[in-house]
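Report on the structure given below.
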Amino acid sequence: MSRKSKRNERPQPEAARAQRGMSRGAIFLAAVVALVAAFAVGAIAWRSHQEEAARQLATQNAARLSVPYAQTLGNAEAKVHIVEFLDPACETCAAMYPHVKKLMAENPGRIKLSVRHVPLHQGSEHVVRMLEAAKAQDRYWQALEAVFAGQERWVVNHRVFPERVWPHLEGTGLDLERVRREMNAADIEARVRRDMDDAAMLKVEKTPEYFVNGRPLPRFGLEELRTLVREELRAAYP
Amino acid sequence: MSPPGDPAAGAPGAATGGGITSGDSAWLLVFGCWLVATAATLGALFFSEVMQLPPCTLCWYQRIFMFPLVVVLPLGLFPFDPRVVRYALPLVAIGWAISVFQVLLVYKVIPETLQPCSRGVPCSEVQVEWLGFVNIPFLSFLAFTTMAALLVAAHFRSKS
Numbered sequence: 000m001s002r003k004s005k006r007n008e009r010p011q012p013e014a015a016r017a018q019r020g021m022s023r024g025a026i027f028l029a030a031v032v033a034l035v036a037a038f039a040v041g042a043i044a045w046r047s048h049q050e051e052a053a054r055q056l057a058t059q060n061a062a063r064l065s066v067p068y069a070q071t072l073g074n075a076e077a078k079v080h081i082v083e084f085l086d087p088a089c090e091t092c093a094a095m096y097p098h099v100k101k102l103m104a105e106n107p108g109r110i111k112l113s114v115r116h117v118p119l120h121q122g123s124e125h126v127v128r129m130l131e132a133a134k135a136q137d138r139y140w141q142a143l144e145a146v147f148a149g150q151e152r153w154v155v156n157h158r159v160f161p162e163r164v165w166p167h168l169e170g171t172g173l174d175l176e177r178v179r180r181e182m183n184a185a186d187i188e189a190r191v192r193r194d195m196d197d198a199a200m201l202k203v204e205k206t207p208e209y210f211v212n213g214r215p216l217p218r219f220g221l222e223e224l225r226t227l228v229r230e231e232l233r234a235a236y237p
Numbered sequence: 000m001s002p003p004g005d006p007a008a009g010a011p012g013a014a015t016g017g018g019i020t021s022g023d024s025a026w027l028l029v030f031g032c033w034l035v036a037t038a039a040t041l042g043a044l045f046f047s048e049v050m051q052l053p054p055c056t057l058c059w060y061q062r063i064f065m066f067p068l069v070v071v072l073p074l075g076l077f078p079f080d081p082r083v084v085r086y087a088l089p090l091v092a093i094g095w096a097i098s099v100f101q102v103l104l105v106y107k108v109i110p111e112t113l114q115p116c117s118r119g120v121p122c123s124e125v126q127v128e129w130l131g132f133v134n135i136p137f138l139s140f141l142a143f144t145t146m147a148a149l150l151v152a153a154h155f156r157s158k159s
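Going line by line, the protein sequences match chains A and B. Residue numbering for the first sequence follows numbering that gives the first Met the number 0, starting at 0 and increasing by one per position. Residue numbering for the second sequence follows numbering that gives the first Met the number 0, starting at 0 and increasing by one per position.
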């Protein structure tokens, strides 16, 4: 204030100057509000558009969710069916697995889980073949848990070292020689392709992806999965 | 409350109140530049955070020179300090140069072999396209060019 009045020899009315300062501030604030609001509205519109598109895609491709060879855990009569697309080399898949099992344990007999494979990591397809071959010996879940438990030793910086998986499978009761013999068979090849084709049609581009009674997660997250399962449980077991 | 911006305190004949003074139009030009920077920043965040398009390396470098303008320019607006052009223009110029480089990559003027991004998303890849030629690198180039023009104009307006 004092600096200005000293320098300004021809003082303009204080009120006019203050008013201009105010109006500039008001313009600026209005612009900030408008830009942030446009961003928020755009984000909400985009999200709901995406959610709707994902819902429609899942409905159109509902037949692709279930395949006879998919390993299923839990009561076969359970009315809530979670189909999980996972990559054995994916860290988040390994981290989510115990949470899904806990969810099933909390609601005994009401939830079943089927697993499909999407080997998004390079080289992870070999591990998927091992898991598929383990099904013939009825040791799929043991193999999956062993593969997840040792994951950090056979996946280094997102690179898969399939040969390092074998030691982890030793305690599972699998006949590893048989797995080696069978994992490259044509029927296993066909399953790997089928899972990948179905994942592509359902636009599963990240793992893990869950479909609960055919409904996709609106957004990835453990809480979102819990909410979706809770909704389906309420609908199936009122 | 924001302090009264007095563009030409002491400049004879400038601030007589009423009518648009050169200080006023310089303020508006810098404000326009801030609008472009903020819209571009929010747009970039929309692409990466909402639409989840991964930004390539060159995009990150352009962001480094775009995002600070959202903060620096208002500091020169309240109270108005024409020297803000001096602090903002170098950022705009460097960002502009990077955007020119990427636009040349996208339109294949610079061959693919000179591409600096070998990991992640290639910077010559077009992820979003409207009207056949408007893509994200082009929008960035447009924003940096507009900001440079506005700042240069503001510089001459505040001088006159």
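For each residue, glycine too, the CB sits at the ideal point set by N, CA and C.
Which value, in whole angstroms, describes the spacing of the CA atoms of residue i and residue j?
i        : j        : result
Pro215/A : Tyr209/A : 6 Å
Pro118/A : Val126/A : 9 Å
Val228/A : Phe30/B  : 50 Å
Gly42/B  : Ala145/A : 45 Å
Thr206/A : Glu105/A : 24 Å
Val164/A : Tyr96/A  : 19 Å
Ser4/A   : Ile93/B  : Bear in mind that the predicted position of Ser4/A carries a pLDDT of just 46, short of 50, making it too unreliable to give a figure here.
Ala142/A : Ala148/A : 10 Å
Pro237/A : His98/A  : 24 Å
Ala37/A  : Glu181/A : 57 Å
What did DSSP end up calling residue i once you bin it into helix, strand or coil?
i        : result
Leu104/B : helix
Tyr96/A  : helix
Glu181/A : helix
His80/A  : strand
Arg156/B : helix
Tyr68/A  : coil
His157/A : coil
His120/A : coil
Val114/A : strand
Pro53/B  : coil
Pro215/A : strand
Glu128/B : strand
Phe210/A : strand
Arg201/A : First, the residue type needs correcting, since residue 201/A is Leu and not Arg in the sequence shown. Coil at Leu201/A, not helix or strand.
Buried or exposed for residue i, please, with buried defined as at least 16 other CB atoms from any protein chain shown within 10 angstroms of its CB.
i        : result
Phe81/B  : According to the sequence as given, residue 81/B is Pro; it is not Phe. Flag for Pro81/B reads buried.
Gly172/A : exposed
Arg192/A : exposed
Leu221/A : exposed
Arg233/A : exposed
Can you check which of these residues, the options, is closest to residue i by C-alpha distance?
i        : options                                  : result
Gly213/A : Arg54/A, Ala29/A, Tyr236/A and Ala30/A   : Arg54/A
Phe140/B : Gln126/B, Phe132/B and Ile97/B           : Ile97/B
Ala184/A : Ala132/A, Ala62/A, Ile110/A and Val203/A : Ala132/A
Lys134/A : Leu175/A, Glu151/A and Val155/A          : Leu175/A
Gln61/B  : Val133/B, Ile109/B, Thr40/B and Asn134/B : Thr40/B
Glu223/A : Leu102/A, His120/A and Val154/A          : Leu102/A
Thr226/A : Val79/A, Ile187/A, Val155/A and Ala93/A  : Val79/A
If we define contact as Cβ-Cβ less than 7 Å, is residue i a contact residue for chain B?
i        : result
Phe219/A : no
Leu119/A : no
Ala93/A  : no
Arg42/A  : Inspection of the sequence shows that residue 42/A is occupied by Ala rather than by Arg. Cβ-Cβ to chain B under 7 Å: yes for Ala42/A.
Leu34/A  : yes
Trp165/A : no
Phe38/A  : yes
Trp45/A  : yes
Does residue i come within less than 7 Å of chain A when only Cβ atoms are used?
i        : result
Thr37/B  : yes
Val49/B  : yes
Leu28/B  : no
Leu74/B  : no
Leu141/B : no
Leu41/B  : yes
Does the beta carbon of residue i sit closer than 7 Å to a beta carbon anywhere in chain E?
i        : result
Leu150/B : As a matter of chain content, chain E is missing from the structure shown, whose protein chains are A and B.
How about residue i: is its Cβ closer than 6 Å to a heavy atom in the ligand GTP?
i       : result
Leu28/B : This structure lacks the ligand GTP, and indeed carries no ligand of any kind.
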